[in-house]
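Under the numbering used here, the residues of the sequence shown are numbered -19 to 243, in order. Notes to accompany the following structure.
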Amino acid sequence: MLLRKTALVVSLVAAALFASAGTATAAPADPTPAPATPEAFAAAAANPVIVVGGLSGIAVAYEPMAARLRADGYRTFIYQLPGLGLGDIPTSARAFATYVDQVRASTGAATVDVVAHSEGGLVSRYYLKRLGGTAAIGRYVSLGTPQYGTYVANIVAFLGLGSCAGVVACQQMTIGSAFLAELNAGDDTPGAVRYTTIRTLQDELVRPTGNAVVNDGATNVLIQTYCPLRVVGHLGLVLDGTAYTIVRGALVDGPVRPNCLAL
């Protein structure tokens, strides 16, 4: 079973690399249509939202999440990690810092909110914690981010496939890595940013699932605490309606009230 999962991850990375070959990250453009309801007008006045992809996550994979946000009136952008996130996470974070500045300049917003999936949550949190990003971010929401690492990354080496098959970001997401030790030293939630993490018991790639939380005042939400029958996988976190209702609540500083029947 572990070998099949590892093979699946490797194949997904390869497919994503093939699909993105020859593409470049363009300057952000605001694709959000004009709001049509009072609630949407309120959202349009709120912070722009950047959806940050994860390891091997091409931008189009996050369009369903972005579409939900746009339908709720948010000015929404999708950030695909450089090199699909296979490289050094701090390097990706520095590129992300530039993108945040571009979004702020193009929208005139002082701060933006971040909704980040998987590795994207580590890239965003490194920006917040080590690159002075707390002045530019109002809310940070992570979906299935291995904040304290995942043993799935360790298993690649255990199976004799090398150190994460040579993928630097995978090495850095290994439990006990030097990167995670440096990232998690001190306060997990610096600045005035409101931090929310969302995780699921069925996450195939973040194990143990408790490693997807952060300390020091964050709101850490386990979907099955509220919706015990809801089955959501790692990739499903960006597609699932219940997960989205948690995201939407976090973006308005609301209480945790997931809709367990949301599509």
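Idealized CB from N, CA, C, for every residue including glycine.
Asked                                                                                                                    : Found
Per-residue burial, T78 [other beta carbons within 10 Å of its own, 16 or more giving buried]                            : exposed
L163 versus G129 - alpha carbon distance                                                                                 : 11 Å
S157, DSSP secondary structure in three states                                                                           : coil
Where G167 falls, given that 16 or more other Cβ within 10 Å makes a residue buried                                      : Contrary to the premise, residue 167 reads as Asp rather than Gly in this sequence. By the neighbour-count rule (16 or more Cβ atoms within 10 Å), D167 is not buried but exposed.
Cut-off 8 Å between Cβ atoms - residues of its own chain near T169, not counting five sequence neighbours on either side : Y175, V194, N195, D196, G197, A198
Runs of alpha helix (DSSP H) lying entirely within the region 204 to 238, each at least 4 residues, in chain order       : 221 to 231
At least three beta-carbon pairs within less than 8 Å, the region 110 to 126 to the region 172 to 191                    : yes
Residue(s) in a DSSP beta bridge with G122                                                                               : Gly is not the amino acid found at residue 122; the sequence shown has Ser there. DSSP lists A96, T177 as partners of S122.
Residue interval of the beta strand (DSSP E) (run including L202)                                                        : 199 to 202
Exposed unless 16 or more other CB atoms sit within 10 angstroms - verdict on P208                                       : exposed
Which residues DSSP lists as bridging V29, in chain order                                                                : T56, D93
Run of the alpha helix (DSSP H) containing E248, from where it starts to where it stops                                  : As shown, the chain starts at -19 and ends at 243. That puts residue 248 outside it, with no answer to give.
Beta-bridge partners of T87, as assigned by DSSP                                                                         : Its beta-bridge partners do not exist; DSSP assigns none.
First through last residue of the alpha helix (DSSP H) which encompasses C144                                            : Unbroken run through C144: none, as it is neither H nor E.
Residue span of the alpha helix (DSSP H) that contains C150, given as start and end                                      : 148 to 152
Cβ pair I69, L102 closer than 8 Å                                                                                        : yes
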